[in-house]
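First the structure, in the form of structure tokens, and then the observations on it.
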Amino acid sequence: MIEENDFNYAAVDKIYENWKTQKGALIPMLQEIQHEFGYLPRPALEHLARRLRTPISQIYGVCTFYSQFHLKPRGEHIIRVCQGTACHVRGIAKIAMRLEEELEVEVGDTTEDMLFTYESVACVGCCGLAPVMMVDEATYGRLTPDRVPDILNEYQRGEGNDS
Ligand code: FES
């Protein structure tokens with residue numbers, strides 16, 4: 218997490234200056250801040266609130282409403298485990314359990330080495346392959362718990378693919 222003392226306020230100022238004359242610019246400002254830092258650090262949101270003369274609660278309200286915004290740092294790879302009906306019926310719970318054991322994280326968390334963020338999502342649109350998980354843009358279907366460590370290893374070795 219980025220702390221206030223070593224925070225790059227100039228980057229937030231620049232984004233604010235670029236957008237300040239435009240109405241309804243809060244979302245693009247937040248998108249640019251997230252692009253800059255990889256997530257929305259608290260000092261950035263507090264600084265933006267001061268510049269906009271807007272209550273911080275209002276800014277947090279927007280950040281938490283839209284799933285595109287992240288208030289915590291995220292890992293290099295995003296793992297999304299499908300919780301849709303087809304995957305549920307075909308045993309995604311066992312996949313999720315194995316994943317949690319291997320990564321030692323719970324849903325919504327990022328591994329200590331910042332390599333993986335683990336999320337659960339609704340149907341990812343390939344129910345015929347259930348149970349399914351995605352790593353970044355790659356889809357892994359007809360999963361069994363035993364395949365989970367091999368898939369993670371690919372990314373730990375820097376060999377993860379987009380197939
Ligand atoms: S329910 Fe998992 S892909 Fe549709």
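Each residue of the sequence shown is one higher than the one before, counting from 218 in our numbering.
C-beta: ideal position from N, C-alpha, C; glycine also.
All figures in this text were calculated on a predicted structure; none of them were measured in a lab.
Status (buried if at least 16 other CB within 10 Å, exposed otherwise) for residue i
i, result
"L247", "buried"
"F282", "exposed"
Under the three-state DSSP convention, the category residue i falls into
i, result
"T327", "strand"
"R364", "helix"
"R374", "coil"
"N235", "helix"
"G278", "helix"
"Q248", "helix"
"D230", "helix"
"L288", "coil"
"R307", "coil"
Beta-bridge partners of residue i, as assigned by DSSP
i, result
"H294", "F333"
"C299", "V338"
"T356", "M351"
Cβ-Cβ separation, residue j to residue i (assumed contact under 8 Å), whole Å
i, j, result
"V352", "I296", "5 Å"
"K289", "Y256", "6 Å"
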